[in-house]
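For the sequence shown, our numbering assigns the number 1156 to the initial residue and increments by one for each residue that follows. Ideal Cβ positions, reconstructed from N, Cα and C, are used throughout, including at glycine. Working notes, structure below.
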Amino acid sequence: MKKIVAIMGSPRKSETFKVLERTQKKLDEFEKTEFEYIILKEKNLHACVGCFNCLTKGEEYCPHKDDRDLLIALLDNADGVIFAVPNYALQVPALMKNFLDRLAFVFHRPRFFNKSFLAIITQAVYGGDNIAKYLKEVASFWGFTNAQALVLTFLPETNDRTLSEEQKIENNISKAVKRFHGVLNHSKNMVPSFGKLFLFRLVRTSIKKNIKNTLKDYKYFNENGWFESSYYYPVKLGLSKRAVGFMAEIIGNYISDKKKKELAKKE
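The following block contains the structure:
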């Protein structure tokens, strides 16, 4: 049985939570799952103080001792992850933003590979598509495989919805769940896009040439064998993508060498 972890980024158990419940119900029509709700408001998660410890020394050096690691463990053990948020001032609510900030080190050291991701955004008027794009980009950097986001537009807490409006909401949820279920069952060791492959090779070259081997990013890449691998996980690359990877490394080396020469002139 696949495990789904749904992280609720709203301070209220209202419309967004109801959509999550309907999402779970629809998903169970495809395949029975173990579905766990994480209500961020109920978790002990202190605000990020921007100390940079997690980025340079390691996440274990964060000054906060709270529920962060517990939440990470839930994501690590999930097959699929859902981030559900309402549109607050054209962005995610503060609860969700703080959660993302506290996991900022995952941008440097991705870990959630072979896991599917769905962003759910509820709103009254406008802006949800940009929030969906943002959350999908975060998920991609963290290693998730994205399904197309679900953005629902409706007035909250009202009984004035017509039958056609309610049916449209139901249809959109059904379509999103179908896409998510498809990714959930086909997200293992997917061949990366040209862009993802290029970025991986560029980043690893930069880390290998510019970062001290005592820093966390270097250790993480080295321990995972990423300085020698084709990608983050075993995957067969075609000739064109192998060429793109090689080109990214050439560019990365050029940029690194140029910076070292410029820094040497300052000494």
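{"Query": "For a test of the three-state rule: what should DSSP assign to E1383, helix, strand or coil?", "Result": "coil"}
{"Query": "With H, G and I counted as helix, E and B as strand and the rest as coil, what does DSSP make of K1374?", "Result": "helix"}
{"Query": "Does the region 1344-1359 come close enough to the region 1279-1294 that 3 or more CB-CB pairs lie under 8 Å?", "Result": "no"}
{"Query": "Name the DSSP bridge partner or partners of F1272?", "Result": "V1236 and N1301"}
{"Query": "Whose C-beta lies closer than 7 Å to the C-beta of K1187 among residues of the same chain, with five residues either side of it excluded?", "Result": "M1156"}
{"Query": "What is the residue span of the alpha helix (DSSP H) that Y1409 lies within?", "Result": "L1394 to K1421"}
{"Query": "At which residue ranges does the region 1312-1355 contain complete alpha helix (DSSP H) runs of 4 or more residues, listed in the order of the chain?", "Result": "1318-1339"}
{"Query": "Which same chain residues, not among the five before or five after F1254, have their C-beta less than 8 Å away from its C-beta?", "Result": "I1162, G1164, L1195, L1200 and L1226"}
{"Query": "Just to confirm the assignment, what range does the alpha helix (DSSP H) spanning V1247 have?", "Result": "Premise fails: V1247 is in no alpha helix (DSSP H) and is neither H nor E."}
{"Query": "Alpha carbon to alpha carbon, how far is F1355 from V1509? Give it in angstroms, no decimals.", "Result": "Absent from the model: residue 1509. The displayed extent of the chain is 1156 to 1422, so no value can be given."}
{"Query": "For a test of the three-state rule: what should DSSP assign to K1252, helix, strand or coil?", "Result": "helix"}
{"Query": "Whose CA, out of I1324, G1407, E1292 and Q1322, lies closest to the CA of R1359?", "Result": "G1407"}
{"Query": "Per DSSP, V1306 is paired with what?", "Result": "I1276"}
{"Query": "Indicate whether at least one CB of chain D lies closer than 9 Å to the CB of K1187.", "Result": "Reference to chain D is not applicable here, since this structure consists of a single protein chain."}
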